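Read the structure below first, then the notes.
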Amino acid sequence: MKTPLQIGVTGGIGSGKSIVCAVFASLGIPVYAADERAKWLTEHDPILKADIQRVLGPNAYDALGHYNRAWVASQVFADPALLTALNSVIHPRVLADTAAWVNEQADKPYVVKEAALMKAAGSGNSLDKVIVVQAPVALRIERIRKRDPQRSEAEIQQIIDRQISDDERLQLANYVIENDESQLLLPQIIRLHNDFLQQASN
1 MKTPLQIGVT GGIGSGKSIV CAVFASLGIP VYAADERAKW LTEHDPILKA
51 DIQRVLGPNA YDALGHYNRA WVASQVFADP ALLTALNSVI HPRVLADTAA
101 WVNEQADKPY VVKEAALMKA AGSGNSLDKV IVVQAPVALR IERIRKRDPQ
151 RSEAEIQQII DRQISDDERL QLANYVIEND ESQLLLPQII RLHNDFLQQA
201 SN
(Lines of atoms letter the chains of each structure in order from A and count residues from 1; the text may use other names and numbers.)
(Lines give C-alpha, C1' and ligand atoms only; values in the text may rest on other atoms or scores of the structure.)
Protein backbone atom coordinates (compact mmCIF):
# COMPACT_ATOMS: atom_id res chain seq x y z
CA MET A 1 0.00 0.00 0.00
CA LYS A 2 1.34 3.40 -0.97
CA THR A 3 1.60 5.80 1.95
CA PRO A 4 1.47 9.55 1.42
CA LEU A 5 4.56 11.75 1.66
CA GLN A 6 4.94 12.81 5.31
CA ILE A 7 5.89 16.41 5.97
CA GLY A 8 6.75 17.66 9.47
CA VAL A 9 6.03 21.26 10.48
CA THR A 10 7.76 22.65 13.55
CA GLY A 11 8.70 26.01 15.03
CA GLY A 12 9.12 27.72 18.37
CA ILE A 13 6.17 29.00 20.37
CA GLY A 14 4.63 32.02 18.61
CA SER A 15 6.34 31.27 15.28
CA GLY A 16 2.99 30.63 13.63
CA LYS A 17 3.27 26.91 12.85
CA SER A 18 -0.44 26.44 13.62
CA ILE A 19 -1.36 29.12 11.05
CA VAL A 20 0.87 27.44 8.47
CA CYS A 21 -0.83 24.10 9.21
CA ALA A 22 -4.27 25.72 8.93
CA VAL A 23 -3.34 26.90 5.41
CA PHE A 24 -2.23 23.38 4.43
CA ALA A 25 -5.55 22.09 5.83
CA SER A 26 -7.47 24.65 3.76
CA LEU A 27 -5.66 23.27 0.68
CA GLY A 28 -7.22 19.89 1.48
CA ILE A 29 -4.13 18.39 3.10
CA PRO A 30 -4.73 16.32 6.27
CA VAL A 31 -2.92 17.74 9.30
CA TYR A 32 -1.98 15.75 12.41
CA ALA A 33 -1.43 18.02 15.42
CA ALA A 34 0.78 15.79 17.58
CA ASP A 35 0.63 17.96 20.71
CA GLU A 36 -3.20 18.24 20.61
CA ARG A 37 -3.52 14.56 19.82
CA ALA A 38 -1.24 13.62 22.73
CA LYS A 39 -3.56 15.62 25.02
CA TRP A 40 -6.57 13.76 23.63
CA LEU A 41 -4.89 10.37 24.09
CA THR A 42 -3.98 11.10 27.73
CA GLU A 43 -7.72 11.57 28.35
CA HIS A 44 -9.16 8.78 26.19
CA ASP A 45 -6.65 5.99 25.55
CA PRO A 46 -7.14 3.32 28.27
CA ILE A 47 -3.68 1.77 27.72
CA LEU A 48 -2.00 5.14 28.02
CA LYS A 49 -4.04 6.10 31.10
CA ALA A 50 -2.94 2.90 32.84
CA ASP A 51 0.70 3.54 31.87
CA ILE A 52 0.60 7.14 33.12
CA GLN A 53 -0.84 6.01 36.46
CA ARG A 54 1.90 3.40 36.71
CA VAL A 55 4.52 6.16 36.23
CA LEU A 56 2.95 8.94 38.30
CA GLY A 57 0.50 7.21 40.64
CA PRO A 58 -3.29 7.61 41.04
CA ASN A 59 -3.17 11.42 41.39
CA ALA A 60 -2.46 11.73 37.66
CA TYR A 61 -6.24 11.52 37.10
CA ASP A 62 -9.05 13.09 39.09
CA ALA A 63 -12.12 11.27 40.43
CA LEU A 64 -13.89 11.65 37.07
CA GLY A 65 -10.94 10.16 35.19
CA HIS A 66 -9.74 13.47 33.71
CA TYR A 67 -6.00 13.99 33.29
CA ASN A 68 -4.78 16.17 36.14
CA ARG A 69 -2.57 18.32 33.89
CA ALA A 70 -1.59 20.97 36.46
CA TRP A 71 -0.64 18.36 39.06
CA VAL A 72 1.35 16.33 36.52
CA ALA A 73 3.17 19.49 35.35
CA SER A 74 4.08 20.32 38.95
CA GLN A 75 5.48 16.79 39.46
CA VAL A 76 7.62 16.61 36.32
CA PHE A 77 8.73 20.25 36.22
CA ALA A 78 11.61 19.78 38.65
CA ASP A 79 12.19 16.08 37.96
CA PRO A 80 13.75 15.42 34.53
CA ALA A 81 13.85 11.65 35.14
CA LEU A 82 10.11 11.59 35.84
CA LEU A 83 9.43 13.67 32.73
CA THR A 84 11.50 11.22 30.67
CA ALA A 85 9.53 8.30 32.14
CA LEU A 86 6.24 10.05 31.34
CA ASN A 87 7.32 10.84 27.77
CA SER A 88 8.47 7.27 27.28
CA VAL A 89 4.89 6.03 27.79
CA ILE A 90 3.18 8.87 25.87
CA HIS A 91 5.41 8.87 22.75
CA PRO A 92 4.85 5.25 21.66
CA ARG A 93 1.05 5.73 21.88
CA VAL A 94 1.26 8.94 19.84
CA LEU A 95 3.49 7.18 17.28
CA ALA A 96 1.03 4.28 16.97
CA ASP A 97 -1.85 6.75 16.67
CA THR A 98 0.05 8.71 13.99
CA ALA A 99 0.82 5.56 12.00
CA ALA A 100 -2.84 4.50 12.04
CA TRP A 101 -3.85 8.03 10.97
CA VAL A 102 -1.33 8.05 8.08
CA ASN A 103 -2.72 4.74 6.82
CA GLU A 104 -6.22 6.29 6.74
CA GLN A 105 -4.88 9.03 4.42
CA ALA A 106 -3.51 6.60 1.81
CA ASP A 107 -5.40 8.35 -1.01
CA LYS A 108 -3.79 11.73 -0.25
CA PRO A 109 -0.57 12.90 -2.00
CA TYR A 110 0.94 14.09 1.29
CA VAL A 111 0.11 14.73 4.92
CA VAL A 112 1.40 17.27 7.43
CA LYS A 113 2.40 16.55 11.03
CA GLU A 114 2.65 19.50 13.38
CA ALA A 115 4.76 19.18 16.54
CA ALA A 116 6.78 21.44 18.81
CA LEU A 117 9.46 18.77 19.15
CA MET A 118 10.75 17.06 16.07
CA LYS A 119 13.79 15.24 14.79
CA ALA A 120 15.25 15.64 11.32
CA ALA A 121 13.46 13.70 8.58
CA GLY A 122 14.53 10.08 8.49
CA SER A 123 16.29 10.00 11.85
CA GLY A 124 14.22 7.29 13.46
CA ASN A 125 10.95 8.72 12.22
CA SER A 126 8.70 8.38 9.21
CA LEU A 127 9.02 11.99 8.04
CA ASP A 128 10.15 12.64 4.49
CA LYS A 129 10.77 16.37 4.91
CA VAL A 130 10.70 18.95 7.70
CA ILE A 131 9.48 22.56 7.41
CA VAL A 132 10.66 25.00 10.08
CA VAL A 133 8.49 28.09 10.64
CA GLN A 134 10.62 31.05 11.74
CA ALA A 135 9.91 34.46 13.24
CA PRO A 136 12.04 36.92 15.23
CA VAL A 137 11.82 36.39 19.00
CA ALA A 138 10.45 39.90 19.69
CA LEU A 139 7.59 39.27 17.26
CA ARG A 140 6.90 35.83 18.76
CA ILE A 141 6.68 37.35 22.26
CA GLU A 142 4.28 40.02 21.00
CA ARG A 143 2.05 37.36 19.36
CA ILE A 144 1.94 35.19 22.48
CA ARG A 145 1.08 38.20 24.66
CA LYS A 146 -1.82 39.03 22.34
CA ARG A 147 -3.29 35.54 22.45
CA ASP A 148 -2.37 34.86 26.08
CA PRO A 149 -2.51 38.23 27.90
CA GLN A 150 -2.09 36.70 31.37
CA ARG A 151 1.44 35.53 30.56
CA SER A 152 4.23 37.96 31.41
CA GLU A 153 7.08 38.68 29.01
CA ALA A 154 9.46 36.94 31.44
CA GLU A 155 7.28 33.79 31.47
CA ILE A 156 7.16 33.71 27.68
CA GLN A 157 10.93 34.19 27.50
CA GLN A 158 11.33 31.22 29.89
CA ILE A 159 9.22 29.02 27.59
CA ILE A 160 11.29 30.11 24.60
CA ASP A 161 14.52 29.42 26.51
CA ARG A 162 13.31 25.90 27.40
CA GLN A 163 12.64 25.07 23.76
CA ILE A 164 15.47 24.17 21.41
CA SER A 165 17.19 27.18 19.86
CA ASP A 166 16.36 28.53 16.40
CA ASP A 167 19.79 27.40 15.20
CA GLU A 168 19.20 23.83 16.39
CA ARG A 169 15.78 23.88 14.78
CA LEU A 170 17.21 25.10 11.47
CA GLN A 171 19.49 22.07 11.37
CA LEU A 172 16.33 19.93 11.03
CA ALA A 173 14.93 22.02 8.20
CA ASN A 174 14.56 20.89 4.62
CA TYR A 175 12.46 24.02 4.07
CA VAL A 176 12.08 27.27 6.00
CA ILE A 177 8.96 29.42 6.05
CA GLU A 178 9.59 33.01 7.18
CA ASN A 179 6.61 34.26 9.17
CA ASP A 180 8.15 37.63 10.05
CA GLU A 181 5.34 39.83 8.66
CA SER A 182 7.69 41.31 6.06
CA GLN A 183 7.20 38.42 3.62
CA LEU A 184 3.83 37.09 2.51
CA LEU A 185 3.08 33.73 4.07
CA LEU A 186 0.67 32.32 1.50
CA PRO A 187 3.00 32.29 -1.55
CA GLN A 188 5.65 30.46 0.50
CA ILE A 189 3.14 27.77 1.50
CA ILE A 190 1.64 27.43 -2.01
CA ARG A 191 5.12 27.00 -3.46
CA LEU A 192 5.84 24.15 -1.03
CA HIS A 193 2.38 22.64 -1.64
CA ASN A 194 3.08 22.47 -5.37
CA ASP A 195 6.54 21.07 -4.70
CA PHE A 196 5.11 18.28 -2.49
CA LEU A 197 2.42 17.44 -5.07
CA GLN A 198 5.18 17.15 -7.65
CA GLN A 199 7.30 14.91 -5.38
CA ALA A 200 4.30 12.72 -4.56
CA SER A 201 3.50 12.15 -8.22
CA ASN A 202 7.05 11.03 -9.09
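Residues in the sequence shown are numbered from 1 upward in steps of one, following full-length UniProt numbering.
Virtual Cβ for every residue (Gly too), placed ideally from N, Cα, C.
Just so we're clear, the structure is a prediction, and the values are computed from it rather than from any experiment.
For the alpha helix (DSSP H) that contains residue i, what are its first and last residues?
i           : result
residue 205 : Given that the chain is displayed from residue 1 to residue 202, the structure contains no residue 205 and the question cannot be resolved.
I47         : 46-56
P92         : 80-104
D166        : 166-170
Pop quiz: residue i and residue j are said to be a contact at Cβ under 8 Å. What is the actual Cβ separation, rounded to whole angstroms?
i    : j    : result
D166 : Q134 : 7 Å
G12  : R169 : 7 Å
L172 : M118 : 6 Å
For a quick check, are the C-beta atoms of residue i and residue j less than 8 Å apart?
i    : j    : result
R89  : I52  : The residue you asked about is not Arg; residue 89 is Val in the sequence shown. Cβ atoms of V89 and I52: closer than 8 Å.
A116 : T10  : yes
K129 : A121 : yes
A100 : P4   : no
I144 : F24  : no
R140 : S15  : yes
I need the boundaries of the beta strand (DSSP E) containing residue i, first residue and last residue.
i    : result
Q134 : 129-134
I177 : 175-178
In terms of DSSP beta bridges, what is residue i paired with?
i   : result
L5  : Y110
A33 : E114
T10 : V132
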